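The structure appears right after this line, and notes come after that.
There are 2 protein chains.
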Amino acid sequence: MNAPVSSPASTPALTKNQSLVFEVLNSSDAPMSAYTILDKLRDHGFRAPLQVYRALDKLTEFGMVHRLESLNAFVACAHPNSECCSTGHGHHGTVAFAICESCGHVFEFHDHQVDHRLGDWAKGKGFKPAKTTIEIRGLCEACAA
Amino acid sequence: MNAPVSSPASTPALTKNQSLVFEVLNSSDAPMSAYTILDKLRDHGFRAPLQVYRALDKLTEFGMVHRLESLNAFVACAHPNSECCSTGHGHHGTVAFAICESCGHVFEFHDHQVDHRLGDWAKGKGFKPAKTTIEIRGLCEACAA
DNA sequence: ATCAATTGCGTTATGCTATAACGTGTGTCA
DNA sequence: TGACACACGTTATAGCATAACGCAATTGAT
Ligand SMILES: [Zn+2]
Ligand SMILES: [Zn+2]
Ligand SMILES: [Zn+2]
Ligand SMILES: [Zn+2]
Chain L
1 MNAPVSSPAS TPALTKNQSL VFEVLNSSDA PMSAYTILDK LRDHGFRAPL
51 QVYRALDKLT EFGMVHRLES LNAFVACAHP NSECCSTGHG HHGTVAFAIC
101 ESCGHVFEFH DHQVDHRLGD WAKGKGFKPA KTTIEIRGLC EACAA
Chain A
1001 MNAPVSSPAS TPALTKNQSL VFEVLNSSDA PMSAYTILDK LRDHGFRAPL
1051 QVYRALDKLT EFGMVHRLES LNAFVACAHP NSECCSTGHG HHGTVAFAIC
1101 ESCGHVFEFH DHQVDHRLGD WAKGKGFKPA KTTIEIRGLC EACAA
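Note that the protein sequences, when read in sequence, are chains L and A. Position 132 (the first sequence) corresponds to 132 in my numbering; numbering is contiguous. Position 76 (the second sequence) corresponds to 1076 in my numbering; numbering is contiguous.
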């Protein structure tokens, strides 16, 4: 009874918990910590952090959610259905984020040249990248005014 | 009696606690968490996390130490005396890190083109960057072999 | 000299983030 | 039927970071 429910092939089938966590994240304007998500889902039967972390792990693996390392928080992917964010086969590679420290809004973007520069550096050093984090903290246009 | 001790103008004068924390970090091959540093300094009278965090805050401000966001850990700057890492007036701007997940070694480097690309993106969006994080997790040449 | 402002320090307590370890139920595939 | 994989729930614990208090020393006016 806890198995994933079928759904279109493009988006992986989500379990109930995964769907709930994704809905909460996807409805938010700003990143949320796992514990904040937990609080939002208490009414739906969530009781412990692990319920959230396990769902977040899967959603991240599916490329539907990104973790912001500099915030210890999570956001729904801003490019759903675009495959650029999913693990492994994304042709865009790394995703970058600009995070407004005033309003919390997150801008998600790709930059091929940045990817290539970092890739070249790695090649030159024999370093094998597994995951790259690019996060710009600052003020968005509206908040900087 | 707790005032900083004089030293060459290029490197800011460090207090006793700051020196101790820096020594520990600078002698390490790998990044260290604040609590690991604390344990290393118990023999020198350190008792509480705040003693470490306060020193780390200052050292980071001085550009002598960097925080690795994806690790919740700290490293001594690999480019001492080069001014490229200090807050604000560094002409190199952002520093990037490649972190070996096997041996823990951290490679610190700069890349002008990456800086410019990210800067251009920000300009285009009216985003005002305050701090940029670039961290590549993976395997160093030796560990990937 | 003296006062106010600043900075560093030490201590206690607390809060936030993340995972370990164990057991349960369910669907899948020999 | 049994072995396996996987999602789930629960309790406990580990790891990272800061709030709030008060004291001591330095600095730089007045
Ligand atoms: Zn994305
Ligand atoms: Zn904003
Ligand atoms: Zn540096
Ligand atoms: Zn290595």
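In this text, a Cβ means the ideal position worked out from N, Cα and C, and glycines have one as well. Model, not experiment: these values are computed from the prediction.
Residue i versus residue j - alpha carbon distance
{"i": "residue 1139 of chain A", "j": "residue 1110 of chain A", "result": "19 Å"}
{"i": "residue 33 of chain L", "j": "residue 24 of chain L", "result": "11 Å"}
{"i": "residue 65 of chain L", "j": "residue 48 of chain L", "result": "20 Å"}
{"i": "residue 1040 of chain A", "j": "residue 1050 of chain A", "result": "14 Å"}
{"i": "residue 89 of chain L", "j": "residue 82 of chain L", "result": "Confidence in residue 89 of chain L is poor, its pLDDT being 42 and thus under 50, which makes the residue's placement unreliable; the coordinate value appears in the next sentence. Those two C-alpha atoms are separated by around 12 Å."}
{"i": "residue 1017 of chain A", "j": "residue 1055 of chain A", "result": "6 Å"}
{"i": "residue 142 of chain L", "j": "residue 1128 of chain A", "result": "10 Å"}
{"i": "residue 14 of chain L", "j": "residue 106 of chain L", "result": "24 Å"}
{"i": "residue 1027 of chain A", "j": "residue 60 of chain L", "result": "36 Å"}
{"i": "residue 74 of chain L", "j": "residue 31 of chain L", "result": "5 Å"}
{"i": "residue 125 of chain L", "j": "residue 45 of chain L", "result": "49 Å"}
{"i": "residue 72 of chain L", "j": "residue 1104 of chain A", "result": "21 Å"}
{"i": "residue 1020 of chain A", "j": "residue 1076 of chain A", "result": "12 Å"}
{"i": "residue 99 of chain L", "j": "residue 136 of chain L", "result": "6 Å"}
Closer than 7 Å: residue i CB and nearest ligand 3 heavy atom
{"i": "residue 1105 of chain A", "result": "no"}
{"i": "residue 1079 of chain A", "result": "yes"}
{"i": "residue 1116 of chain A", "result": "no"}
{"i": "residue 1066 of chain A", "result": "yes"}
Closer than 7 Å: residue i CB and nearest ligand 4 heavy atom
{"i": "residue 1102 of chain A", "result": "yes"}
{"i": "residue 1145 of chain A", "result": "no"}
Ligand 1 heavy atom lying under 7 Å from the CB of residue i
{"i": "residue 108 of chain L", "result": "yes"}
{"i": "residue 1130 of chain A", "result": "no"}
{"i": "residue 95 of chain L", "result": "yes"}
Limits of the beta strand (DSSP E) - the one that residue i falls within
{"i": "residue 1066 of chain A", "result": "1065–1068"}
{"i": "residue 142 of chain L", "result": "First-last for residue 142 of chain L: 141–144, but that is the alpha helix (DSSP H), not the beta strand (DSSP E)."}
{"i": "residue 108 of chain L", "result": "106–109"}
{"i": "residue 1075 of chain A", "result": "1073–1076"}
{"i": "residue 122 of chain L", "result": "That residue, residue 122 of chain L, is in no beta strand (DSSP E); its alpha helix (DSSP H) goes 112–125."}
{"i": "residue 46 of chain L", "result": "Looking at the DSSP string, residue 46 of chain L is not in any beta strand (DSSP E), and its letter there is neither H nor E."}
{"i": "residue 1096 of chain A", "result": "1096–1100"}
Range covered by the alpha helix (DSSP H) that runs through residue i
{"i": "residue 61 of chain L", "result": "49–61"}
{"i": "residue 1022 of chain A", "result": "1016–1026"}
{"i": "residue 30 of chain L", "result": "No alpha helix (DSSP H) contains residue 30 of chain L, which DSSP labels as neither H nor E."}
Any non-hydrogen atom of ligand 2 closer than 7 Å to residue i Cβ
{"i": "residue 1140 of chain A", "result": "no"}
Next item on the list: Would you list, in chain order, the members of the stretch 1115–1143 of chain A that have their beta-carbon closer than 7 Å to a beta-carbon of chain L?
Entry: 1117, 1118, 1121, 1122, 1125, 1126, 1127, 1128, 1129, 1130, 1131, 1132, 1133, 1134, 1135, 1136, 1137, 1138, 1139, 1140 and 1141
Check: What residues from the stretch 1064–1076 of chain A come within 7 Å of chain L, judged by C-beta to C-beta, listed N to C?
Finding: 1069 and 1070
Margin query: Under 8 Å, CB to CB, which of the residues in the stretch 1100–1115 of chain A have a partner in chain L?
Written below: 1100, 1101, 1107, 1109, 1111, 1113 and 1114
Next item on the list: May I ask you to list, following chain order, the residues of the stretch 1019–1041 of chain A that have a beta carbon less than 9 Å from some beta carbon of chain L?
Entry: none
Checklist line | Near-chain L residues of the stretch 1044–1060 of chain A (beta-carbon distance less than 7 Å), N- to C-terminal order | finding: none
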